[in-house]
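Here's the structure we're looking at; comments come further down.
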Amino acid sequence: WLEGPASGVEEDQWDLVLDVNLKGAFFLISAAVPHLAAAQGVIVNIASDAGLVGNNGAAVYCASKGGLVLLTKALALELAPQGIRVNAVCPGDTATPMIEYQARTYGGDDPDGYKRRLLGHYPQGGKARFIQVEEIASFIHYLCQPGSAPITGAALSIDFGVSAGY
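Anchor point for the sequence shown: position 74 equals 65 in this note's numbering, and the numbering is continuous, going up by one each time.
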């Protein structure tokens, strides 16, 4: 995660975020394709709601996750003849160490206020909460089941409706 104005991003920062979020996924998938084809496998990329809608001050992260969404779609088409399905899940703000890091790093003297501001974008208002990792895992598990066979090439939001609009 890299937050701040795009004009302040150094090339090595850009490279690190893209290497982790996009390049790593591409080469991991490339290496796994022969094994997945033999097993009629499923690939589920972990993108982000930031790959579907822009986040102010997060251009590099959005570019990396948006790239992962389009990589997912392109590979779904390319790998379908081999029986491989490819989808992306696009979680919103999730209760992980990343949220805590963001709150400490970008929240200044008020990390809890930073978290409240994040949740302020959620349509649930005062009932908004961060997504739990287990909720994402459950959805990924579903995508890997035979009953989800028709789902491929999709970027699926898990974000309490945040990416639906403001």
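Ideal Cβ positions, reconstructed from N, Cα and C, are used throughout, including at glycine.
Here the C-alpha atom of V0 lies approximately 8 Å from the C-alpha atom of V51. In the DSSP assignment, C81 falls within the unbroken beta strand (DSSP E) covering 76 to 82. N36 has A79 as its beta-bridge partners, per DSSP. The distance from the Cβ of V44 to that of S154 is about 5 Å, consistent with a contact at the 8 Å cut-off. Shown here for G111: same chain residues with a beta carbon closer than 8 Å to its own, the five before and five after excluded, namely A119 in chain order. DSSP places A119 in the coil class of the three-state scheme, outside both helix and strand. Sequence-distant Cβ neighbours of S55 in its own chain, meaning closer than 6 Å and more than five residues away, are V8, L9, N12, L13. Boundaries of the alpha helix (DSSP H) harbouring S21: 15 to 30, taken from the DSSP string. Bounds of any beta strand (DSSP E) do not take in S129; it lies within the alpha helix (DSSP H) bounded by 124 to 134.
Per DSSP, the beta bridge partners of I149 are P82. By a beta-carbon distance limit of 8 Å, S39 does not contact P(-4). Their separation comes to about 20 Å.
Within the same chain, Cβ atoms closer than 7 Å to the Cβ of A28 are found at Q73, G74, I75, the five residues on either side in sequence being excluded.
DSSP places L43 in the coil class of the three-state scheme, outside both helix and strand.
When rounded, the separation of the alpha-carbon atoms in Y97 and Y105 is 7 Å. Within the same chain, and ignoring the five residues on either side of G58 in sequence, the residues whose Cβ sits closer than 6 Å to its Cβ are L13.
Taking a C-beta distance under 8 Å as the contact criterion, A67 and T143 qualify as a contact pair. Where V8 is concerned, the enclosing alpha helix (DSSP H) starts and stops at 2 to 9.
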